[in-house]
Amino acid sequence: MSDQKSSFHEHHQPRCHPEAPDEWENEGGSVCELDAAERSENNQPAASSESEIALLGALRLGILITNSDGEITYSNPAFQELYGASSSELLGTHWCDVIDERDRADTLARWQEAGDGQDPLTFDVRMVTDSGGRIWSRHSIAGLSPDQSAGSFIHTIEDISTVKASEQAVTVARQALSRERERARVTLECIGDAVISTDEKGQVTYLNAVAEELTGWSRESAFGEPFSRVFRVVDLDTGEPVRNPAERAIESLEIVEIPENCLLLRPDGSELAIEDSAAPILDADGRLTGAVVIFRDRRMSRENTAKMAHLARHDALTGLCNRVAFGEHFAQAINLARRHEKEVGLMFIDLDNFKQVND
């Protein structure tokens with residue numbers, strides 16, 4: 002706007018009448034006298050003194066004064082700069098014209114709920130500048146006192162775009178953190194090992210489903226309990242308690258393992274042979290926040306090891322020795338025959354169409 006580029010203030014030569022200080026119009030911080038007809042036509046609010054007008058003009062907070070119809074009768078330089086228009090361009094327009102269409106209906110509804118200005122109102126709203134830009138603003142409205150200007154309202158408008166951008170960044174970060182936590186939770190629930198975590202004081206903060214099954218504790222009942230109470234481990238040979246692995250990890254700040262041949266004592270009196278390791282938990286700044294203990298049923302480990310060994314040497318369909326096992330047995334038979342100066346025979350039997358059946 003051409004007048005804005007030169008200045009946000011439009012100066013008029015005042016006609017001085019000291020005896021009537023209330024009959025002044027403000028144009029961007031300067032004042033000039035209005036006659037009665039002009040004041041009636043423009044619905045211009047009366048200012049009690051030049052000092053008050055000067056104060057409004059000096060504020061860095063956007064100020065509007067509107068009449069009972071919502072038309073702007075005064076705007077201070079801070080609002081003119083924020084909106085990007087001169088006072089003459091703002092004069093007579095409705096204060097809702099500066100509000101984004103997406104927020105306008107809701108704003109008017111809140112205005113009506115406040116009794117059309119009977120009650121003070123504050124709200125955060127998107128504002129559209131004269132050039133089409135959009136900024137977040139905090140808008141407050143209150144009625145002027147009757148002795149100043151009946152049926153008039155004062156609006157304060159504060160640019161909070163930076164605050165809103167920060168809030169949005171925090172929201173995005175929290176959502177990302179929530180997704181990461183959910184991903185970690187699902188991962189811990191799906192793995193086959195038992196997992197127990199503690200805080201830096203050694204109190205239980207989490208058990209996954211496998212840990213609940215192996216320890217006999219539910220995560221609700223275990224939460225906040227000392228780790229040594231939930232995870233009671235003794236030496237298989239001596240029956241003596243084994244030192245708390247979480248405590249060892251917290252003290253050493255290193256990964257530790259419990260000795261072999263350890264038994265986990267469960268609340269129902271049963272015992273379970275386990276193998277495990279513990280590690281300290283450090284935050285991004287390297288501060289200790291707790292420990293995590295991962296363990297498994299040793300019986301299951303032995304069974305799985307034996308099963309894998311069997312599958313490596315036997316056919317999964319028939320259970321018979323496979324080619325690897327046959328080669329080992331044949332080599333042993335030849336070596337044994339040589340050692341005892343004997344002979345070994347090999348019989349090859351061809352079963353008609355067995356290959357088709359096997360395939």
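Numbering of the sequence shown is given in our numbering, commencing with residue 2 and proceeding in unit increments. By construction, the Cβ of each residue, glycine as well, lies at the ideal position given by its N, Cα and C atoms.
Item to complete: Under 8 Å by Cβ, that's how I've got Gly-63 and Trp-96 pegged, so tell me the actual separation to the nearest angstrom.
Response: Gly-63 to Trp-96, Cβ: 11 Å. No contact.
Worksheet item: Who pairs with Ser-167 in a beta bridge, going by DSSP?
Response: Residue pairing from DSSP leaves Ser-167 without any beta-bridge partner.
Worksheet item: The beta strand (DSSP E) spanning Asp-316 covers which residue range?
Response: Unbroken run through Asp-316: none, as it is neither H nor E.
Practice prompt. Ignoring anything shorter than 3 residues or poking outside the segment 186-246, list the beta strand (DSSP E) runs there in chain order.
Written response: With a minimum length of 3 residues, the continuous beta strand (DSSP E) runs that stay inside the segment 186-246 are 195-200, 205-208, 233-236.
Worksheet item: Going straight from the alpha carbon of Thr-199 to that of Val-293, what length do you get?
Response: Spanning the two alpha carbons is a distance of roughly 6 Å.
Practice prompt. Count the other C-beta atoms from every protein chain shown that fall within 10 angstroms of the C-beta of Ala-317, then say buried if there are 16 or more, exposed otherwise.
Written response: Exposed.
Practice prompt. May I have the straight-line CA-CA distance separating Pro-246 from Val-234, to the nearest angstrom?
Written response: Rounded to whole angstroms, Pro-246 and Val-234 show a C-alpha spacing of 10 Å.
Item to complete: Could you work out which residue in Glu-258, Leu-266, Leu-289, Glu-213 is closest to Glu-390 when comparing CA atoms only?
Response: Residue numbering for the chain in the displayed model covers 2 to 360; residue 390 lies beyond these limits and cannot be assessed.
Discussion item. I need the straight-line Cα distance from Thr-319 to Ala-174, nearest angstrom please.
Written reply: C-alpha separation (whole angstroms): 56 Å.
Item to complete: Tell me, to the nearest whole angstrom, how far the beta carbon of Val-196 is from that of Ile-295; I am working on the premise that it is less than 8 Å.
Response: Taking the Cβ atoms as the reference, Val-196 lies roughly 6 Å from Ile-295, within the contact range of under 8 Å.
Worksheet item: Between the beta-carbon of Ile-251 and the beta-carbon of Leu-208, is there less than 8 Å?
Response: Pairing Ile-251 with Leu-208 gives a Cβ-Cβ distance that is not under 8 Å.
Discussion item. Excluding the 5 residues flanking Gly-291 on each side, which residues of the same chain have their C-beta closer than 7 Å to its C-beta?
Written reply: Cβ-Cβ distances below 7 Å link Gly-291 to Ser-198, Thr-199, Asp-200, Glu-201, Thr-206, Ile-282 in the same chain, with the five nearest sequence neighbours on each side left out; the list follows chain order.
Fill in: Reference Trp-112, options Cys-191, Gly-144, Gly-85, closest by Cα
Looking at the Cα atoms, Gly-144 is the closest of the given residues.
Worksheet item: Just reading off the alpha helix (DSSP H) that Leu-62 is part of, what are its end residues?
Response: Premise fails: Leu-62 is in no alpha helix (DSSP H) and is neither H nor E.
Worksheet item: What's the C-alpha gap between Gly-328 and Asp-194?
Response: Whole-angstrom Cα-Cα distance: 37 Å.
Practice prompt. Would you give the residue range spanned by the alpha helix (DSSP H) that Gly-346 belongs to?
Written response: No alpha helix (DSSP H) contains Gly-346, which DSSP labels as neither H nor E.
Worksheet item: Under the three-state reduction of DSSP, which class applies to Arg-324: helix, strand or coil?
Response: The three-state secondary structure of Arg-324, taken from DSSP, is helix.
Discussion item. For the structure I just gave you, are there three or more beta carbon pairs, one from the segment 131-138 and one from the segment 150-169, closer than 8 Å?
Written reply: These segments touch.
Discussion item. Is the beta carbon of Phe-232 closer than 8 Å to that of Gly-203?
Written reply: Taking 8 Å as the cut-off, the Cβ atoms of Gly-203 and Phe-232 do not count as close.
Worksheet item: DSSP state of Ala-332, grouped into three classes?
Response: Looking at Ala-332 - three-state DSSP - the assignment turns out to be helix.
Item to complete: My understanding is that Leu-83 touches Asp-131, with C-beta atoms under 8 Å, so please give their C-beta distance in whole angstroms.
Response: The pair is not a contact, with the Cβ atoms about 10 Å apart (cut-off 8 Å).
Worksheet item: Ordered along the chain, which non-local residues of its own chain (more than five positions away) have a Cβ less than 6 Å from that of Pro-260?
Response: For Pro-260, where only same-chain residues beyond five positions count, there are no Cβ hits under 6 Å.
Worksheet item: If you compare alpha carbons, which of Leu-237, Arg-267, Glu-241, Cys-263 is closest to Arg-230?
Response: If we check each option's Cα against that of Arg-230, Arg-267 comes out closest.
Fill in: Proximity below 8 Å, CB of Asn-77 to CB of Ser-153
For Asn-77 and Ser-153, no; Cβs fall outside 8 Å.
Worksheet item: Per DSSP, Gly-144 forms a beta bridge with which residues?
Response: Its beta-bridge partners are Phe-154.
Discussion item. Does Glu-128 pass the burial test, meaning 16 or more other C-beta atoms within 10 Å, or should it be called exposed?
Written reply: Sequence check: residue 128 is Met here, not Glu. Buried, since its Cβ has 16 or more Cβ neighbours within 10 Å.
Fill in: For Glu-255 and Leu-264, believed in contact at Cβ under 8 Å, the rounded distance
Between Leu-264 and Glu-255 the beta-carbon gap is near 25 Å, outside 8 Å, which marks them as no contact.
Item to complete: Between the Cα of Arg-372 and those of Asp-117, Val-126, Leu-122, spot the shortest distance and give me the residue it belongs to.
Response: Shown here, the chain extends from 2 to 360; a query on residue 372 therefore has no answer.
Practice prompt. Write down the C-beta distance between Asp-236 and Asn-262 rounded to the nearest angstrom, noting that I regard them as a contact closer than 8 Å.
Written response: In this structure Asp-236 is in contact with Asn-262, their Cβ atoms being roughly 7 Å apart against a cut-off of 8 Å.
Practice prompt. Check Leu-91 in the structure and name its three-state DSSP category.
Written response: In this structure, Leu-91 counts as helix in the three-state DSSP scheme.
Worksheet item: Alpha carbon to alpha carbon, how far is Arg-249 from Leu-321?
Response: Going by the C-alpha atoms only, they are around 48 Å apart.
Discussion item. Can you tell me whether Ala-280 is helix, strand or coil according to DSSP?
Written reply: If DSSP states are grouped into helix, strand and coil, Ala-280 belongs with the strands.
Worksheet item: Where does Leu-254 sit, in a helix, a strand or coil, going by DSSP?
Response: In the three-state DSSP reduction, Leu-254 falls in the coil class, being neither helix nor strand.
Worksheet entry | Per-residue DSSP class, three states only, for Leu-35 | Low confidence applies to Leu-35: its pLDDT is 43, below 50, so where it sits in the model is not reliable, and the reading given next is rough at best. The DSSP-derived three-state label of Leu-35 is coil.
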